[in-house]
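So my numbering is basically just the index in the sequence shown, starting at one, shifted up by 35.
Don't be surprised by glycine CBs; every beta carbon is placed ideally from N, CA and C.
Only a predicted model underlies this, so the values are computations on that prediction, with no experimental measurement involved.
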Amino acid sequence: MTKQKQIQLKKQMAPYEKSNTKESVWQLINTILPFVGLWFLAYKSLSVSYILTLIIAVFAAGFLVRIFIIFHDCCHHSFFKNRSANKIIGTITGIITIFPYSQWQHDHSVHHATSSNLDKRGVGDIWMLTVDEYMAASAWQKISYRLYRNPIIMFGLGPIYVFLIKNRFNRKGARMKERLNTYLTNISIVVLYGLLCWGLGWESFLLVQLPIFLISGAAGIWLFYVQHTFEDSYFEEDAEWEYVKAAVEGSSFYKLPKPLQWITGNIGYHHVHHLSPRVPNYKLEEAHNNTEPLKNVPTITLSTSLQSLKFHLWDEKGKKFVAYKEITNYLQHSKKSEMASRLK
Numbered sequence: 036m037t038k039q040k041q042i043q044l045k046k047q048m049a050p051y052e053k054s055n056t057k058e059s060v061w062q063l064i065n066t067i068l069p070f071v072g073l074w075f076l077a078y079k080s081l082s083v084s085y086i087l088t089l090i091i092a093v094f095a096a097g098f099l100v101r102i103f104i105i106f107h108d109c110c111h112h113s114f115f116k117n118r119s120a121n122k123i124i125g126t127i128t129g130i131i132t133i134f135p136y137s138q139w140q141h142d143h144s145v146h147h148a149t150s151s152n153l154d155k156r157g158v159g160d161i162w163m164l165t166v167d168e169y170m171a172a173s174a175w176q177k178i179s180y181r182l183y184r185n186p187i188i189m190f191g192l193g194p195i196y197v198f199l200i201k202n203r204f205n206r207k208g209a210r211m212k213e214r215l216n217t218y219l220t221n222i223s224i225v226v227l228y229g230l231l232c233w234g235l236g237w238e239s240f241l242l243v244q245l246p247i248f249l250i251s252g253a254a255g256i257w258l259f260y261v262q263h264t265f266e267d268s269y270f271e272e273d274a275e276w277e278y279v280k281a282a283v284e285g286s287s288f289y290k291l292p293k294p295l296q297w298i299t300g301n302i303g304y305h306h307v308h309h310l311s312p313r314v315p316n317y318k319l320e321e322a323h324n325n326t327e328p329l330k331n332v333p334t335i336t337l338s339t340s341l342q343s344l345k346f347h348l349w350d351e352k353g354k355k356f357v358a359y360k361e362i363t364n365y366l367q368h369s370k371k372s373e374m375a376s377r378l379k
């Protein structure tokens with residue numbers, strides 16, 4: 036893709052970068068009200084059957100993911116035209132999803148500015164090593180990396196650590212406004228959860244909230260993971276890195292069934308989102324369908340996305356993700372070749 040085509044592609048996003056207040060308000064209504072209703076229904080079902088509670092919790096978790104997408108749009112100032120409105124709704128939805136608005140906004144902005152840049156990893160992204168880095172790592176670093184990317188830890192313990200622990204603390208160097216927003220979010224969560232525990236009983240609260248939190252958390256991390264971890268992705272060192280290429284080649288088009296596409300706020304059109312973060316979630320599909328070059332971006336489906344679980348390391352030479360066993364086979368082959376050359 037030439038520089039000229041990249042500039043043209045970026046310009047083609049301009050018509051979709053304007054939010055629609057009515058559509059944004061309607062999305063708030065058709066997302067938050069069903070979530071509250073399902074949460075209450077899950078609570079009432081405790082007296083009937085906990086299996087029924089868990090079934091309802093699955094649907095409530097889906098709406099919590101959708102609330103996070105609204106929060107996500109607010110962080111990009113794409114949900115409303117007014118920046119203050121984005122901050123207010125972003126802070127409220129951040130309390131519901133237990134994410135501090137200002138802090139996450141900063142980290143996610145860094146992610147967008149550095150996504151797929153091998154020299155600028157570490158903020159707002161998933162820990163990823165290249166093949167050479169992994170081979171040069173110490174035994175402890177390799178164990179830590181393998182544990183980090185283990186599906187049980189990443190999608191099971193990951194939400195507990197990131198959402199409940201990491202999000203509660205300000206980053207080093209955060210400005211006062213960002214720190215105050217984190218404090219406000221934390222205090223609001225304590226008050227909200229305290230009132231629910233007082234009104235419903237802490238056991239009932241946990242029996243409802245815990246599965247919703249774990250399911251939505253695992254789904255959220257999965258969406259973020261799979262949209263940047265697919266075989267023929269794009270990663271380059273800073274000197275060769277290009278923003279548009281990183282967006283359309285380093286972010287996948289996760290083609291989901293319509294109900295899942297709706298509940299996840301069209302975030303499967305991740306290539307469009309990275310190309311232009313100012314496009315609100317309800318215009319991502321339209322931008323994709325009306326922009327010819329975007330129809331040829333890397334596409335994954337529910338079934339093919341499961342393959343991403345075997346992609347562990349980035350091979351800079353092959354320009355693709357590879358599994359641990361491929362490195363093991365390579366090392367074994369190298370040792371055999373070395374031994375054969377010595378015998379000669």
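Proximity to residue 141 across 165, 89, 109, 92 peaks at 109, based on C-alpha coordinates.
Straight through space, the alpha carbons of residue 247 and residue 103 are spaced by roughly 13 Å. In this structure residue 61 is exposed. Its beta-carbon is surrounded by fewer than 16 other beta-carbon atoms within 10 angstroms.
Between residue 190 and residue 257 the beta-carbon gap is near 6 Å, inside 8 Å, which marks them as a contact. Out of 320, 345, 362, 311, the CA that lies nearest to the CA of residue 49 is found in 311.
Here residue 288 really is in contact with residue 333; their C-beta atoms are around 7 Å apart, less than 8 Å.
Under DSSP, the beta-bridge partners assigned to residue 335 are 289.
Between the segment 211-229 and the segment 142-154 there are fewer than three C-beta pairs closer than 8 Å, too few to call the two in contact. In terms of Cα proximity to residue 80, the closest of 214, 240, 47 is 240. The secondary-structure analysis by DSSP pairs residue 349 across a beta bridge with 165, 356. Separation of the CB atoms of residue 309 and residue 282 is rounded to 4 Å, and the pair is thereby assigned contact status at 8 Å. For residue 335, the CB contacts under 6 Å within the same chain, skipping 5 residues up- and downstream, are 265, 287, 289 in chain order. DSSP places residue 319 inside the alpha helix (DSSP H), whose first and last residues are 319-324.
Counting along the chain, the unbroken alpha helix (DSSP H) around residue 58 starts and ends at 56-79. Around the beta carbon of residue 78, a 10 Å sphere encloses 16 or more other beta carbons of the protein chains shown; the residue is thus reported as buried. Residue 268 sits buried, since 16 or more C-beta atoms from the chains shown fall within 10 Å of its C-beta.
With fewer than 16 other Cβ atoms from the protein chains shown falling within 10 Å of its own Cβ, residue 237 counts as exposed. If you ignore the 5 residues before and after residue 232, its C-beta comes within less than 8 Å of the C-beta of 240, all in its own chain and listed in chain order. By the CB criterion at 7 Å, residue 357 and residue 348 fall inside the cutoff. DSSP places residue 152 in the strand class (E or B) of the three-state scheme.
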